[in-house]
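S.K.:
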Amino acid sequence: MAPSFLPTFDSSILSSPGRLIPAPLSYLGHAFVTITPSDVDNALRYLQRTVGLHATCFDVSALHLVDDIVSILDSGARKVVVSGSQLRELERVENLDLDRVALSVSPGMKNEMIDAIAGTSVDLYVHRIKDVELVEAWLKEYGTDRPDVYVSFDTPSVENALRIANLSGIPVIPASQCTADPVSEQQNIPIATLLLANATTDRLDGLFTTIVTDERGIALGLVYSSHESVNESLRTGKGVYQSRKRGLWYKGESSGDTQDIVAINLDCDHDCLKFTVKQKGRGFCHLGTPTCFGSFQGLPKLQQTLQKRKSSAPLGSYTARLFKDQQLLKAKIMEEASELCEATTKEDVTFEAADLLYFALTKCVATGVSLEDIERNLDAKSTKVKRRKGDAKGSWAAQMGMPADGKVQQEVGQPHPTSSSIKASEGPGDRIKMRTFVVADGNHTIITKALQRPSQRTSDKIMSIVRPIIDSVRHRGDAALLEYAHKFEKATSLASPVLKAPFPKDLMQLSPETKDAIDVSFENIRKFHAAQMEPKPLSVTTMPGVECARMARPIEKVGLYVPGGTAVLPSTALMLGVPAMVAGCRNIVIASPPRADGSLTPEIVYIAERVGAETIVLAGGAQAVAALAYGTESVSKVDKILGPGNQFVTAAKMLVSNDTSACVSIDMPAGPSEVLVVADETANPAFVAADLLSQAEHGVDSQVVLIGVGLGDGQLRAIEDELHSQASALPRVDIVRQAIDHSVTLVVDGVAEAMDLSNRYAPEHLILQVRDAQDVAELVQNAGSVFVGPWTPESVGDYSAGVNHSLPTYGYARQYSGVNLGSYVKHITSSNLTAEGLRNLGGAVMQLAKVEELEAHRRAVSIRLAELDRLSGT
Ligand SMILES: NC(=O)c1ccc[n+]([C@@H]2O[C@H](COP(=O)([O-])OP(=O)(O)OC[C@H]3O[C@@H](n4cnc5c(N)ncnc54)[C@H](O)[C@@H]3O)[C@@H](O)[C@H]2O)c1
Ligand SMILES: N[C@H](CO)Cc1c[nH]c[nH+]1
Ligand SMILES: [Zn+2]
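Residue numbers for the sequence shown follow UniProt numbering, so the first one is 1 and each next one is one higher.
1. Per DSSP, what are the beta-bridge partners of Val149 in this structure?
2. Determine the closest residue to Phe153 out of Arg321, Val183, Ser106, with distance taken between C-alpha atoms.
3. Starting from the C-beta of Pro763, find all residues in its chain whose C-beta is less than 6 Å away, skip the five residues before and the five after it, and write them out in chain order.
4. From what residue to what residue does the alpha helix (DSSP H) around Leu378 run?
5. Hey, would you say the C-beta of Ile465 is under 7 Å away from at least one heavy atom of ligand 1?
6. Whether or not the stretch 755-773 and the stretch 595-606 are in contact is what I'm after, with contact meaning three or more pairs of Cβ atoms, one per stretch, closer than 8 Å; do they touch?
7. How long is the line joining the alpha carbons of Asp478 and Ala689, rounded to whole angstroms?
8. Do you know offhand how far Leu6's Cα is from Pro147's?
9. Please go through the same chain and pick out, in chain order, the residues whose beta-carbon is closer than 8 Å to the beta-carbon of Asn840, but skip the five residues on each side of it.
10. CB-CB under 6 Å to Val230, same chain, minus the five flanking residues each way: which ones, in chain order?
11. Could you name the residues, in chain order, whose CB is less than 5 Å away from a heavy atom belonging to ligand 2?
12. Measuring alpha carbon to alpha carbon, tell me which residue in Ala813, Leu600, Glu141, Val135 is nearest Val151.
13. Going by DSSP, what residues sit across from Gln242 in a beta bridge?
14. Can you grab the Cα-Cα spacing for the pair Asp67 / Leu96, in whole Å?
15. Would you mind sorting Glu426 into buried or exposed? The rule is 16 or more other CB atoms within 10 Å of its CB.
16. Is the CB of Leu841 under 8 Å away from at least one CB in chain C?
17. Considering only residues of the same chain and omitting the five flanking positions on each side of Tyr27, which have a CB-CB separation below 6 Å?
18. Buried or exposed for Ala404, please, with buried defined as at least 16 other CB atoms from any protein chain shown within 10 angstroms of its CB.
19. Less than 7 Å between the CB of Val701 and some heavy atom of ligand 1, yes or no?
20. Could you tell me whether any non-hydrogen atom of ligand 1 is closer than 7 Å to the CB of Asn646?
21. Please check the pair Ile641 and Gly559, which I expect to be a contact at CB under 8 Å, by giving their CB distance rounded to whole angstroms.
22. Which full runs of the alpha helix (DSSP H) of 4+ residues lie inside the stretch 607-631, going along the chain?
23. Sort out for me which residues DSSP pairs residue 875 with in a bridge.
24. Which of helix, strand or coil does DSSP assign to His30?
25. Across which residues does DSSP place Thr64 in a beta bridge pair?
26. Would you mind reading off the limits of the alpha helix (DSSP H) that contains Pro512?
27. Three-state secondary structure (DSSP) at Cys585?
28. Only counting the same chain, and skipping five residues up and downstream in sequence, which positions put a Cβ closer than 8 Å to that of Ser420?
29. DSSP on Met575, reduced to helix/strand/coil?
30. Leaving out the 5 sequence neighbours to the left and right, which residues in its chain are closer than 7 Å to Gly76 when beta-carbon positions are compared?
31. Going by the C-beta, is Gly802 closer than 7 Å to any heavy atom of ligand 1?
32. By Cβ distance, which residues of its chain are closer than 6 Å to Tyr462, with the 5 residues on each side in sequence left out?
33. Classify Pro808 as helix, strand or coil using the three-state DSSP reduction.
34. Can you tell me which of the three DSSP states Met508 falls into?
35. Buried or exposed, going by whether 16 or more other CB atoms sit within 10 Å of the CB of Ala161?
36. Check Ile13 in the structure and name its three-state DSSP category.
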């Protein structure tokens, strides 16, 4: 709330050392300084030295450069008083909050500027008033609907200051005329009088209700104040209150639990005082607890414990060890930060964040930094006008495989008018919204950057996590599988890592509806994949007597990975298992992470049985991939591994497929789900939003893209509104929010341009919600699977239509197909020549063998031709 009055200082205070503003004026938390161009550097240094100590207003109306004003605000000045022309320039500065600006005006003028800013949050500063009546009249006309009106006088006095304060103006008084002493000489103005000038109370005894808090705003207790007790507090700098029974109460006088005053304020309607204090001794309450409401909780409690441990730790205390061993503390902070980065579920993020905060606060307490210091620093950062880009620094950016100075967010195209902020969504309650850009001529490079997928850690870091897991399974087999199931799935009761066919019926108990749904999907997937069978071997006569043929044979042993991290996906078991069965693979091994109680999802067991799987491996991640690639005591080694998964699964698939000793191949890199929707004005906004969200909910690293063809503000807004309201109602809204943060809407003029962008992006799923969608589908060059028209949501492909949902992501649709029947077969060719055929072809073969100087090759033909000659008697 606005201060009761502002003490002004001349600019010499900017170069004085120490706390600078004399207590008791600093207890008000405000100061006002007029500066000239030569004071700018001093003002900036002063702000740096006093971060969080008091909110300083600067009269900068004499400065020439708007950049200087921005720098002063950026360094933490609470408010600046500016001229009309400066205000016009500041209005154009991005991120500048205009309630940090006051316009300097003269009294008695019907100022055009004042009219122009009516209804805005800009304050007014009426300076050097001679005639208080004039100001009173003026305040009645202009002051009532203004946020704050500051008034400075030619000749300040208690009387005119009170007159202004009573009209809700804010008197600006030279600090030299303010005093904490209520009975000093006439020309000095008692601070308590001004502070309480428009304070009210509805108590019969006239006392002011007073809440006492610590520096973090935690309520310590409730007391009462009088003019006299406030005067005493200001004079002594200690907590002094008015006891209803004992009169003036110097807190802690007898117990020793005294308080140093930090600030004294009034609440919004001036009927409650707030004393912010540093509490000494045992605490505020006479019962010896920190507050009258009991002990601290959460971070304040942790801080209190750490501070105690620092001064006297019990023998063997871990915290004391951390205080002593800086390397250990550093390692723990880095370890916990990394675990927090990996955590995805609400429970894990809570758990890891709590650990990280414990070690971080230990570091702070060891260095003498308090939560209060940290919060002051955060507050100061929140006033920044010049925003940092926020890119990761060099080595961290490199570890995550992202450019160190990734400029996409600043540079991309022209932000669309409906895209008020480039940052999409920040936290609970914020609007869930994708960044929106208009694709203009010439900004294609920039748009390409905006379309970059969230970074995938297939780099050294993820490989270094995955490699030891693979080695361990390779060398220790089942024992290692069990250990990882305990570690990652918390399945501590799991006794065997495999379930062998025939699978027990009681492990596949399903509701009739689920069973029916699986059966319908199973049949559609079977039909579509069976239709991909080559009916008979291909055979071609290339020359008379020369016949070439090609025949398909199923890959004998296939390992199918069914993800089960953030969501268990029985549908993936269908997508991988049914074609394996149709192709005739002899051994089908399915791997999927077990649930925490060590069991498997019954749907997966049912599907495993229907496709004729031999084994289900109860393992996930890299350990499952390693078991499939190398085999263990109870898992048979396979020839090919198929199936999507997270970064650990994908990295492991790539590692084993590069190891010739494993002799195993993989289907493709199939990572985090993605969708690109092309929509024109015929598209239903609710359908568009629903399709985008269906893939965003898969994981925090999913990405969804909307290309709006000729969409106007209203249509984009309708989609944005749908996206926000549908997303907010989803159970996985936390995941969606993060996925949407790296998702994007691009607005283009025509369908051809949209399809060009889509082909460059090569999405896993492409949805066409445009006029004549079937014709537009002809323009698709790169995509995993296409969904055509308004009645084809992507989910039909995920589950039941018949097409496969195991598809290339990350742009690999440029060169890979999704899983299909061909993924489970290899082709063998054969040649069959008659004597005539060899006679026709022999010359060419012998000539080429001669060129290559491979005589045995040549002779394999010549010896036969000679025999033919002999037989025919020529
Ligand atoms: N492209 C496609 O066709 C397709 C299809 C379905 C699903 N998906 C994607 O598959 C992914 C599935 O990922 P998921 O995480 O839900 O399940 P997942 O089964 O792929 O991964 C879970 C496993 O990750 C391992 N893991 C987790 N944290 C680890 C760590 N810190 N160190 C080492 N290993 C760790 C554990 O072993 C765990 O069992 C999603 O991104 C989803 O979008 C893609
Ligand atoms: N959309 C995923 C492929 O990216 C597959 C899936 C399974 N369940 C639901 N969706
Ligand atoms: Zn899906």
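Here a beta-carbon is modelled for each residue, glycine too, at the ideal position from N, C-alpha and C. Just so you know, these numbers come straight off a predicted model, no measurement behind them.
M.R.: So, to answer that:
1. Translated into positions along the sequence shown, residue 149 becomes position 149. Leu124.
2. Sequence index remark: in the sequence shown, residue 153 carries index 153 (1-based). Cα-wise, what sits closest to Phe153 is Ser106.
3. Here residue 763 corresponds to residue number 763 of the sequence shown, with the count starting at 1. Closer than 6 Å at Cβ, skipping near neighbours: Glu674, Leu676, Ala783.
4. For the purposes of this step, residue 378 is taken as the residue at position 378 of the sequence shown. Residues 371-382.
5. In the sequence shown, the residue the question calls residue 465 occupies position 465. True, at least one ligand heavy atom lies under 7 Å from that Cβ.
6. no
7. Numbered from 1 along the sequence shown, position 478 holds the residue referred to as residue 478. Numbered from 1 along the sequence shown, position 689 holds the residue referred to as residue 689. The alpha-carbon atoms of Asp478 and Ala689 are separated by roughly 45 Å.
8. Sequence index remark: in the sequence shown, residue 6 carries index 6 (1-based). Sequence index remark: in the sequence shown, residue 147 carries index 147 (1-based). Whole-angstrom Cα-Cα distance: 16 Å.
9. Taking the first residue of the sequence shown as 1, we reach residue 840 at position 840. Taken in chain order, the residues that qualify are Met543, Pro544, Gly545, Val546.
10. Counting from one through the sequence shown, the residue named residue 230 turns up at place 230. Cβ neighbours of Val230 beyond the five flanking positions: Ala192.
11. Leu569, Ser571, Ser673, Asp798, His805
12. The residue you call residue 151 lines up with position 151 of the sequence shown. Nearest option by C-alpha distance: Val135.
13. Taking the first residue of the sequence shown as position 1, residue 242 is located at position 242. In DSSP, Gln242 forms a bridge with Leu248.
14. To locate residue 67, count along the sequence shown from 1; it is residue 67. To locate residue 96, count along the sequence shown from 1; it is residue 96. Their backbone Cα atoms lie some 12 Å apart in a straight line.
15. Translated into positions along the sequence shown, residue 426 becomes position 426. For Glu426, the pLDDT reaches just 39, beneath the cut-off of 50, and the residue's location in the model is therefore unreliable, leaving the point undetermined.
16. Included in the structure is just one protein chain, with no chain C present.
17. Mapped onto the sequence shown, residue 27 falls at position 27. Correct list, in chain order: Ile261, Ala263, Ile264.
18. Position 404 of the sequence shown, counting from 1, holds the residue named residue 404. In this predicted model, Ala404 has a pLDDT of only 48, less than 50, meaning its place in the structure is not dependable; the value taken from the coordinates is given anyway. Flag for Ala404 reads exposed.
19. Start at 1 with the first residue of the sequence shown, and residue 701 comes out as number 701. Rather than Val, the amino acid found at residue 701 in this sequence is Asp. Checking every heavy atom of ligand 1 against the Cβ of Asp701, one is found closer than 7 Å.
20. Within the sequence shown, numbered from 1, the residue matching residue 646 stands at position 646. Within the cutoff, so yes.
21. Taking the first residue of the sequence shown as position 1, residue 641 is located at position 641. Taking the first residue of the sequence shown as position 1, residue 559 is located at position 559. With 8 Å as the limit, Ile641 and Gly559 qualify as a contact, their Cβ atoms being about 5 Å apart.
22. 621-630
23. Residue numbering for the chain in the displayed model covers 1 to 874; residue 875 lies beyond these limits and cannot be assessed.
24. Sequence index remark: in the sequence shown, residue 30 carries index 30 (1-based). Three-state result, His30: strand.
25. Position 64 of the sequence shown holds residue 64. Going by the sequence as given, residue 64 is His instead of Thr. In DSSP, His64 forms no bridge with anything.
26. The residue you call residue 512 lines up with position 512 of the sequence shown. Note, Pro512: alpha helix (DSSP H), 512-530.
27. If you number the sequence shown from 1, residue 585 lands on position 585. In the structure shown, Cys585 sits in coil (DSSP, three-state: anything other than H, G, I, E or B).
28. In the sequence shown, the residue the question calls residue 420 occupies position 420. Interpretation of Ser420 is limited by its pLDDT of 29, a score under 50 that renders its predicted location unreliable; the figure taken from the coordinates is listed afterwards. No residues qualify anywhere along the chain.
29. By 1-based counting over the sequence shown, the position of residue 575 is 575. Met575: helix per DSSP, three-state reduction.
30. Position 76 of the sequence shown holds residue 76. Excluding positions up to five away in sequence, the list reads Leu47, Val51, Ala380, Thr383.
31. Within the sequence shown, the letter at position 802 stands for residue 802. Result no, Cβ not under 7 Å from ligand 1.
32. As a first step, residue 462 must be located in the sequence shown, where it is residue number 462. The identity of residue 462 in the sequence shown is Ile, whereas the question assumes Tyr. Contacts found: Gln647, Ala651.
33. Looking up residue 808 in the sequence shown gives position 808. It is coil, neither helix nor strand.
34. Against the sequence shown, residue 508 aligns to sequence position 508. Residue state, collapsed to three classes: coil.
35. Walking along the sequence shown from the start, residue 161 turns up at place 161. Flag for Ala161 reads buried.
36. Against the sequence shown, residue 13 aligns to sequence position 13. Of the three classes helix, strand and coil, the one that applies to Ile13 here is helix, per DSSP.
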